[in-house]
Amino acid sequence: MAEHHRQERTAGRRQGIRWRARQVREVLQPQFRAMSGIAAKLARARATSQPLALSDDDGTVHEVVDAYRVHDALAATQGAVQGWKVSALVPEQQRLYATDRPVAGPLFAPFFHHTLARMALNAFIVPLLECEIAFLLGRDLPPRAVLYARAEIEAAIEAIVPAMEIADGRWPAEARDLLKLADDMGNGAFVAGAPVYGWRDIDLRGRDVVLRLNGLEIGRGPCAKVLGDPLRGVVALANAQPLPAGGLRRGQIVTTGTCTVPLPLKAGDYVADFGDLGRVALTVG
0 MAEHHRQERT AGRRQGIRWR ARQVREVLQP QFRAMSGIAA KLARARATSQ PLALSDDDGT
60 VHEVVDAYRV HDALAATQGA VQGWKVSALV PEQQRLYATD RPVAGPLFAP FFHHTLARMA
120 LNAFIVPLLE CEIAFLLGRD LPPRAVLYAR AEIEAAIEAI VPAMEIADGR WPAEARDLLK
180 LADDMGNGAF VAGAPVYGWR DIDLRGRDVV LRLNGLEIGR GPCAKVLGDP LRGVVALANA
240 QPLPAGGLRR GQIVTTGTCT VPLPLKAGDY VADFGDLGRV ALTVG
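Quick look at the structure:
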């Protein structure tokens, strides 16, 4: 008899769990459908290099978690997440996203390239070229209740990666910032240089990156421009989780923001010279 009652209680608990799960699905399903709709519009705009209109904003993205749900929907069609583009590292930028922590957009595999990359200018809408310092993760950094210390992040980083980013946007410039976050944080393409593995004795302060187009210098900026120490951006992002699409994983990179003034992308041969950190080359036709 006792065993019979135990089985009844177990069956009742399971039924209750299934009922609550069904309730959650019923509440969230319309939200996920809406986010999938925005994701489909963004993917189509990116594939066709045609901008969206403000009228394409259906009002469903009204907080950071909504933008991240769009990223989850994009991940189903855009391929693996190769890295993250961190932004809003200071409070005045965070207020634009109605949050008190950094945010990030995924760098999807089809738009992730390596040095000596070639790409077409007409693949973008309003492209801007930036030179950036990124970091390669050698281990997962899952979300947790206790904040990560800097030493833990340093131990998790395998290499510094000099890089270029082509920033681009599918929304009009006047669109809400949360929509731009949903739009992969404005990523158009990413070009990674060779990883620098012996990085722990490298001081980024006092180093400049020089950007050249067809051999002529067109830009220059400090490698430590972001927060005076780009590694602080990785620490901040690790402590701003959870992130969409599985979060910070081994083998991904975290790019921390531009070292140079963003410049309109033109056709030609670009070289970003990071000194002894290496060079990153890109040809745009």
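Each residue of the sequence shown is one higher than the last, beginning at 0 in numbering that gives the first Met the number 0.
Note that CB positions come from ideal geometry on N, CA and C, so glycine has one too.
Computed from a prediction, not measured in an experiment: that's the story for all the values here.
Does the Cβ of residue i have 16 or more other Cβ atoms within 10 Å, making it buried, or fewer, making it exposed?
i      : result
Lys265 : exposed
Gly274 : exposed
Val283 : buried
Val64  : exposed
Val279 : buried
Asp200 : exposed
Pro101 : buried
Ala235 : buried
Asp57  : exposed
Gln22  : Low local confidence applies: a pLDDT of 37 at Gln22 is under 50, so the model's placement there is unreliable, with the coordinate-based value given in what follows. It is exposed - the Cβ of Gln22 has fewer than 16 other Cβ atoms within 10 Å.
Asp99  : exposed
Leu128 : buried
Arg117 : exposed
Between which two residues does the alpha helix (DSSP H) harbouring residue i extend?
i      : result
Pro243 : It is not in any alpha helix (DSSP H) - Pro243 carries neither H nor E in the DSSP assignment.
Ala150 : Arg149 to Ala155
Can you list, in chain order, the residues of its chain whose CB lies under 7 Å from that of residue i, leaving out five sequence neighbours each side?
i      : result
Gly227 : none
Asp71  : Pro243 and Ala244
Ala285 : It is not possible to answer for residue 285, since the shown part of the chain is limited to 0 through 284.
Considering only residues of the same chain and omitting the five flanking positions on each side of residue i, which have a CB-CB separation below 8 Å?
i      : result
Asp150 : For clarity, residue 150 is Ala in the given sequence; the question names Asp instead. Closer than 8 Å at Cβ, skipping near neighbours: no residue.
Leu177 : Val60, His61, Glu62, Val63, Asp65, Ala66, Tyr96 and Ala97
In the DSSP output, what is residue i paired with across the bridge?
i      : result
Cys258 : BP columns for Cys258 are empty, so no partner.
Lys84  : Gly104 and Thr254
Ile159 : Phe134 and Val195
Glu164 : Glu129 and Phe189
Gly267 : Val283
Asp272 : Val209 and Arg278
Leu95  : The partner list for Leu95 (beta bridge, DSSP) is empty, contrary to what the question assumes.
What first and last residue would you give for the beta strand (DSSP E) that runs through residue i?
i      : result
Ala133 : Leu127 to Leu136
Arg117 : Ala116 to Met118
Phe111 : Phe111 to His113
Apart from the five residues just before and just after residue i, which ones in its own chain have a Cβ nearer than 6 Å to its Cβ?
i      : result
Val195 : Ala158, Ile159 and Leu276
Phe111 : Gln81 and Phe189
Leu146 : Asn238
Pro161 : Gly192, Phe273, Leu276, Gly277 and Val279
Nearer than 7 Å: is that true of the beta carbon of residue i relative to any heavy atom of the ligand PLP?
i      : result
Leu215 : Among the components of this structure there are no ligands whatsoever, and the ligand PLP is therefore not found.
Subject >> Secondary structure, beta strand (DSSP E): runs of 3+ residues fully inside the region 39-70 >> reply: none
Subject >> 3-residue-minimum beta strand (DSSP E) runs that sit fully inside the region 173-255, ordered along the chain >> reply: 186-191, 207-212 and 215-221
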